[in-house]
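Peer 1:
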Amino acid sequence: MSSSLPSSFEDFLEHNLTNIDASNPTIPDSCYICHEELDATHQASQITGIPDCSHIFGRDCLVTWVSSNNANRNSCPMCRTTLYVQPLSRQDEVNRLDAALDTMPARWNTLEGRTPQQLHDAQRQGEEILQQHQEEFMQSTEEVLRMSEEVLRDIGELRRRLEGVTGRQVDERPQPHLQNDGEPE
Ligand SMILES: [Zn+2]
Ligand SMILES: [Zn+2]
Numbered sequence: 001m002s003s004s005l006p007s008s009f010e011d012f013l014e015h016n017l018t019n020i021d022a023s024n025p026t027i028p029d030s031c032y033i034c035h036e037e038l039d040a041t042h043q044a045s046q047i048t049g050i051p052d053c054s055h056i057f058g059r060d061c062l063v064t065w066v067s068s069n070n071a072n073r074n075s076c077p078m079c080r081t082t083l084y085v086q087p088l089s090r091q092d093e094v095n096r097l098d099a100a101l102d103t104m105p106a107r108w109n110t111l112e113g114r115t116p117q118q119l120h121d122a123q124r125q126g127e128e129i130l131q132q133h134q135e136e137f138m139q140s141t142e143e144v145l146r147m148s149e150e151v152l153r154d155i156g157e158l159r160r161r162l163e164g165v166t167g168r169q170v171d172e173r174p175q176p177h178l179q180n181d182g183e184p185e
């Protein structure tokens, strides 16, 4: 029963959306999405070749929907049947975050012997990586949250080491230009 879904909304639009003539009696009176009449000016289009869904919408409205940023954009607005496989862009983002984390100094296994300034820099770089990627994600996923927790753990480890080295408590968020703060040698 595994009929494979379109791999993207472009794929869906190309192969699974069939225009229906305005005179066809199966066409509903109005578009479910915009509630305008389905006629020559609002082309009726039927979902075809997708298991369990053959709903009809105004073509323009459905194109707008499946190519939107809505989290449910790959499902039928009427019956929620999945229409195409979500692209992997978010997975790509996760992979990028993973690669960025590998460059984080806290992941180096050579923290021993580093100066407080170097530890400070490492902590700040980790927080910057975390902040940058959190801002890039419009919506968090469990995967991203898990990775963020990893970074926070790494930052916490740096903080503990810093406190051990400097003998005083490290600020929750270091200010920029710590170099001028007169750290002990
Ligand atoms: Zn419409
Ligand atoms: Zn449907």
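The numbers in the sequence shown follow the UniProt record's numbering, run straight up by one, and end at 185. For every residue, glycine included, the Cβ atom is placed at its ideal position computed from N, Cα and C. Values in this document were obtained by computation on a predicted structure and should not be read as measured data.
Whole angstroms are fine: how far does the CA of P116 sit from the CA of M78?
Peer 2: Taking the straight line joining both Cα atoms gives about 59 Å.
Peer 1: Quick one: residues in its chain with C-beta nearer than 7 Å to the C-beta of F12, no 5 flanking neighbours on either side, listed in chain order?
Peer 2: Same-chain partners within the cutoff: P6, V66, L83 and Y84.
Peer 1: Kindly indicate which residue of I50, S148 and R161 has the alpha-carbon position closest to the one of Q118.
Peer 2: Checked all of I50, S148 and R161; the closest Cα to Q118 is R161.
Peer 1: In chain order, what residues of the same chain have a beta carbon less than 7 Å from the beta carbon of I27, not counting five sequence neighbours either side?
Peer 2: Closer than 7 Å at the Cβ level, and outside the excluded window around I27, lie I20, L38, A44 and I56.
Peer 1: For ligand 2, is there any heavy atom lying closer than 8 Å to the beta carbon of S54?
Peer 2: It does: the Cβ of S54 is within 8 Å (strictly closer) of some heavy atom of ligand 2.
Peer 1: Applying the 10 Å Cβ sphere with the 16-neighbour rule, what's the burial state of Q46?
Peer 2: Classification for Q46: buried.
Peer 1: Check A122 in the structure and name its three-state DSSP category.
Peer 2: Residue state, collapsed to three classes: helix.
Peer 1: Name the residue from E163, S54 and H120 whose alpha carbon lies nearest to the alpha carbon of R80.
Peer 2: When each option's Cα is compared against that of R80, the closest is S54.
Peer 1: Using the rule of at least 16 other Cβ atoms within 10 Å of the residue's Cβ for burial, across every protein chain shown, is E185 buried or exposed?
Peer 2: With a pLDDT of only 42 at E185, under the threshold of 50, the placement of this residue in the model should not be trusted, and no figure is reported.
Peer 1: Determine the extent of the alpha helix (DSSP H) in which L17 is found, giving its start and end residues.
Peer 2: Taken as a continuous stretch (DSSP letters only), L17 belongs to no alpha helix (DSSP H), being part of the beta strand (DSSP E) at L17 to I20.
Peer 1: Which of helix, strand or coil does DSSP assign to T82?
Peer 2: In this structure, T82 counts as strand in the three-state DSSP scheme.
Peer 1: Around ligand 3, which residues pass a check of Cβ closer than 7 Å to any of its heavy atoms?
Peer 2: Ligand 3 is absent from the structure shown, which contains only ligand 1 and ligand 2.
Peer 1: Ligand 2 heavy atoms versus the CB of T81: any closer than 8 Å?
Peer 2: Answer for T81: yes, Cβ within range of ligand 2.
Peer 1: Could you give the distance in angstroms between the alpha-carbon of M138 and the alpha-carbon of Q131?
Peer 2: Unreliable placement is indicated for M138, whose pLDDT of 49 sits below 50; no coordinate value is reported for it.
Peer 1: Using only the heavy atoms of ligand 2, determine whether one of them is closer than 8 Å to the beta carbon of I20.
Peer 2: Answer for I20: no, Cβ out of range of ligand 2.
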